[in-house]
């Protein structure tokens, strides 16, 4: 609560020096709220204070873009939005990752649900997806029949330690005739990956299983 009050006071100070048209006396403008949040995060030594505040405020306003100042900067921030933003910034002040505060994250144009304790996809994970797609490239076309040959073999991806399902689901979204079996030792991850597959409409080609990787090795 103390952290949230700090955010709101910082926002109020920004509002007091914000004479832009559209700023209300009660909530201040979107720009003032963003300034206050950035000031509070920077003063607390939170990494990437500008990006953190922009992502959180964009989520509160229902925007898919961080460019909220260009689209909403001069508008007054509604009291309900101001309170929600203050709560989120307070969580960021406690070093909670932005992704977990929002509860979802964009990964290669897919919106994935995220929640603790499942790890959040990192930017480096996108490179792994690109490598997987390169391996799948020969199979990305619809199945066909050559003279004297059967249908082209389907692509079947094994995602070990699936977490949110980011890797397997990103491959399925780009390779329409692929299937994915995802495994993880954490029940929370298996459940979350399954939810993300269903939300993205990929569940018919995606299976997540609670299984340690050792079980995949052939028995001696």
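Numbering (UniProt numbering), first residue to last: 1 to 220. Heads up, the beta-carbon is just placed ideally off N, CA and C, and yes, glycines get one too. These numbers come from a predicted model, not from an experiment.
Which residues DSSP lists as bridging residue i, in chain order
i	result
residue 157	180
residue 210	184
residue 29	76
Coarse secondary structure for residue i, derived from DSSP in three states
i	result
residue 125	helix
residue 104	strand
residue 196	helix
residue 76	strand
residue 191	helix
residue 48	coil
residue 202	coil
residue 215	helix
residue 57	helix
residue 92	helix
residue 116	coil
Per-residue burial, residue i [other beta carbons within 10 Å of its own, 16 or more giving buried]
i	result
residue 16	A caution first: residue 16 carries a pLDDT of 45, below 50, which makes its placement in the model unreliable, though a value can still be read off. Exposed, because fewer than 16 other Cβ atoms sit within 10 Å of the Cβ of residue 16.
residue 159	buried
residue 106	exposed
residue 35	buried
residue 116	exposed
residue 183	buried
residue 202	buried
residue 167	buried
For residue i, the first and last residue of its enclosing alpha helix (DSSP H)
i	result
residue 113	Here residue 113 belongs to no alpha helix (DSSP H); instead the beta strand (DSSP E) covers 110-113.
residue 61	Looking at the DSSP string, residue 61 is not in any alpha helix (DSSP H), and its letter there is neither H nor E.
residue 174	166-174
Contacts around residue i, its chain only, beta-carbon distance under 6 Å, and the 5 residues preceding and following it disregarded
i	result
residue 213	160
residue 156	179
Cβ neighbours of residue i in the same chain (closer than 7 Å, five flanking residues each side left out)
i	result
residue 49	38, 41, 42
residue 101	56, 88, 91, 92
residue 114	99, 100, 103, 104, 105, 120, 164
Cβ shell of residue i (< 8 Å), same chain only, five flanking positions each side left out
i	result
residue 169	110, 112, 180, 193, 196, 197, 200, 202, 206
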